[in-house]
Amino acid sequence: MSASPEAGPVVDALQDQAVADYLRQHPDFLQRHPDVLAALSLVHGVDGAVSLLERQVRVLREQLSAEQARLDQLVARAHDNQRLANRLHELTLRLILARDLPQAHAALEESLRAEFSADAVVLKLFPVDLAQHAGDPLVSAFLDFIDQDRCLCGPLQGPQFEQLFGDAPAPIQSAALIPLRGRGQSGVLAIGSRDPAHFSHDMGTDLLERLGAIASARLAALVEDDTGTRGGPETQPAVAPGAADN
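In full-length UniProt numbering, the protein residues as written are 1 to 246.
Printed below as a string of structure tokens:
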């Protein structure tokens with residue numbers, strides 16, 4: 001037996017009443033089910049007044065949206081950090097496998113270009129006794145930088161730019177300079193970008209510092225092997241073989 005047409009509104013009213021009664025008996029329902037609250041849509045009055053209930057719903061929905069945005073940002077940042085950690089791990093393995101300075105420089109350049117969006121990679125190693133080479137344009141351009149022993153990011157000008165990127169085929173607009181120090185050896189690893197905003201003064205340098213520590217340790221070991229093979233520290237190169245400006 002089918003219901004009469006008049007039964008429809010009656011059934012709807014009973015269902016509405018049941019929902020209303022349930023919510024009154026369970027006032028924490030929407031707190032326990034914020035997804036239901038977020039899905040509710042209330043129409044404002046004709047006069048533009050906002051009821052207390054409408055205001056509560058709006059505030060809760062905004063809070064939920066803000067929390068979701070923060071969560072999404074944290075997840076995205078975690079994924080980015082994991083990708084960077086994986087890339088640094090791969091670069092570390094390549095440096096470990098490098099048997100000499102040219103291979104180490106090739107590993108740095110190829111990895112930084114492919115995995116870290118570098119447009120230019122320059123590696124410079126300085127003489128052990130910097131004081132005796134203070135007149136060298138390369139050494140004099142970076143004496144203060146090596147003494148500070150911290151990464152430098154942003155646009156480059158003057159002697160530092162000329163020594164690192166003066167012969168670059170494309171204009172380098174920003175760069176990251178990473179000091180290299182270990183076992184008496186010092187130098188600079190420079191990463192250049194055509195994007196002026198890619199490296200900035202206020203960017204974090206944790207990853208660059210980790211890269212510098214890894215590169216410093218491996219390059220110092222390779223320099224020791226190279227100078228030991230050739231018979232003494234006086235033959236240590238000021239610029240690593242194969243480290244010409246790119």
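We treat Cβ as the ideally placed atom computed from N, Cα and C, and that holds for glycine. These numbers come from a predicted model, not from an experiment.
Query	Result
Chain B within 8 Å of Arg-58, Cβ atoms only	This model lacks chain B altogether, as it is built from one protein chain only.
Neighbour-count burial assignment, Gly-158, 16 or more Cβ in a 10 Å radius	exposed
Exposure label - Arg-218; buried when at least 16 CB within 10 Å	buried
Inter-residue CB distance, Ala-215 and Leu-180 (contact presumed, cutoff 8 Å)	6 Å
Own chain partners of Gly-182 with C-beta closer than 7 Å, once the 5 adjacent residues on each side are dropped	Ser-216, Ala-217 and Ala-220
Member of Gln-163, Ala-66 and Cys-153 whose CA lies at the smallest distance from the CA of Glu-209	Cys-153
Selection from Gln-17, Phe-116, Ala-98 and Gln-173 that minimises the alpha carbon distance to Asp-195	Gln-173
Leu-91: CB within 7 Å of a non-hydrogen atom of the ligand COA	Looking for the ligand COA in the displayed structure turns up nothing, as the structure carries no ligands at all.
Where the beta strand (DSSP E) containing Phe-126 begins and where it ends	120–126
Sequence-distant residues of the same chain with beta carbon closer than 7 Å to Ala-170, five excluded per side	Asp-119 and Arg-194
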